[in-house]
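Just below is one structure, and these are the notes that go with it.
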Amino acid sequence: MDTNLTIRCATEADIAAMQALIARSAIQLSANFYTPEQALALLTHVFGVDTQLIHDQTYFVIEEHGKMMACGGWSKRKTLFGGDQAKRGVDELLDPATEAARIRAFFVEPSAARRGLGRLLLEHCSAQAQAAGFAVLELAATMPGEPLYLACGFQVFERFQIDLPGGVIAPLSRMRKLLA
Numbered sequence: 016m017d018t019n020l021t022i023r024c025a026t027e028a029d030i031a032a033m034q035a036l037i038a039r040s041a042i043q044l045s046a047n048f049y050t051p052e053q054a055l056a057l058l059t060h061v062f063g064v065d066t067q068l069i070h071d072q073t074y075f076v077i078e079e080h081g082k083m084m085a086c087g088g089w090s091k092r093k094t095l096f097g098g099d100q101a102k103r104g105v106d107e108l109l110d111p112a113t114e115a116a117r118i119r120a121f122f123v124e125p126s127a128a129r130r131g132l133g134r135l136l137l138e139h140c141s142a143q144a145q146a147a148g149f150a151v152l153e154l155a156a157t158m159p160g161e162p163l164y165l166a167c168g169f170q171v172f173e174r175f176q177i178d179l180p181g182g183v184i185a186p187l188s189r190m191r192k193l194l195a
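In terms of this note's numbering, the sequence shown opens at residue 16 and continues consecutively.
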């Protein structure tokens, strides 16, 4: 790992900075994959911080010289994707013996794209989930995220779309990986 990079648990004090990072990442890195309308609808209605991950201490930030460069996490809960604005009701715990941990809410600072931060964060989260007893990871990938997850050994097992307000439809991929 680059000695200028640090990975730490996200805290509630990070939420505003994380939301700003998510907005920059969602709009700029989606440009070749989603229309501007799709990217904005996803940002408004789906993408965002899931504070349950912060409370569970499974949401992380990567910093470089104190500047937030990426965020993302894993979850031991049933929600597959979406920030607080997309959640409904209690987010129940998964059974590590029979269910897959979730990889959640990965976003990279656009100026740091293609530097391996997503892969580094994914390796960190995978190790944490495995240490918690999970043998399988699952996620819902956005189109810009799918190449990273494929390169890291995930396989698509379902393609689906979500219907967003304003008649906007956005494709996603459900992906899975067995942990070694």
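The beta-carbon is built from N, C-alpha and C at its ideal position, and this holds for glycine as well.
Beta-carbon gap between residue i and residue j smaller than 8 Å
{"i": "residue 129", "j": "residue 90", "result": "no"}
{"i": "residue 140", "j": "residue 98", "result": "no"}
{"i": "residue 172", "j": "residue 190", "result": "yes"}
{"i": "residue 125", "j": "residue 45", "result": "no"}
{"i": "residue 152", "j": "residue 194", "result": "yes"}
{"i": "residue 56", "j": "residue 179", "result": "yes"}
{"i": "residue 101", "j": "residue 60", "result": "yes"}
Buried versus exposed, by CB contacts within 10 Å (16 or more), residue i
{"i": "residue 64", "result": "buried"}
{"i": "residue 69", "result": "buried"}
{"i": "residue 27", "result": "exposed"}
{"i": "residue 182", "result": "exposed"}
{"i": "residue 161", "result": "buried"}
{"i": "residue 108", "result": "exposed"}
{"i": "residue 76", "result": "buried"}
{"i": "residue 37", "result": "buried"}
{"i": "residue 170", "result": "exposed"}
{"i": "residue 142", "result": "exposed"}
{"i": "residue 23", "result": "exposed"}
{"i": "residue 159", "result": "buried"}
Straight-line gap, residue i to residue j (C-alpha atoms, nearest Å)
{"i": "residue 95", "j": "residue 19", "result": "32 Å"}
{"i": "residue 123", "j": "residue 82", "result": "12 Å"}
{"i": "residue 80", "j": "residue 103", "result": "37 Å"}
{"i": "residue 53", "j": "residue 157", "result": "11 Å"}
{"i": "residue 127", "j": "residue 148", "result": "32 Å"}
{"i": "residue 167", "j": "residue 150", "result": "16 Å"}
{"i": "residue 71", "j": "residue 48", "result": "32 Å"}
{"i": "residue 113", "j": "residue 33", "result": "32 Å"}
{"i": "residue 30", "j": "residue 133", "result": "19 Å"}
{"i": "residue 105", "j": "residue 67", "result": "10 Å"}
{"i": "residue 51", "j": "residue 131", "result": "26 Å"}
{"i": "residue 185", "j": "residue 163", "result": "19 Å"}
{"i": "residue 35", "j": "residue 146", "result": "31 Å"}
{"i": "residue 187", "j": "residue 42", "result": "16 Å"}
Identity of the residues DSSP links to residue i by a beta bridge
{"i": "residue 21", "result": "78"}
{"i": "residue 123", "result": "85"}
{"i": "residue 178", "result": "184"}
{"i": "residue 170", "result": "191"}
is_contact[residue i, chain C] using C-beta, thresh 8 Å
{"i": "residue 170", "result": "In the displayed structure, chain C is absent; only one protein chain is listed."}
Distance cut-off 7 Å: residue i Cβ against heavy atoms of the ligand NAD
{"i": "residue 182", "result": "By its list of ligands, the structure shown contains no ligand whatsoever, and the ligand NAD lies outside what it can speak to."}
Could you name each continuous beta strand (DSSP E) segment of 3 residues or more that falls completely within the region 60-91, going from the start of the chain to the end? As far as the region 60-91 is concerned, its whole beta strand (DSSP E) runs of at least 3 residues are 74-79 and 82-90.
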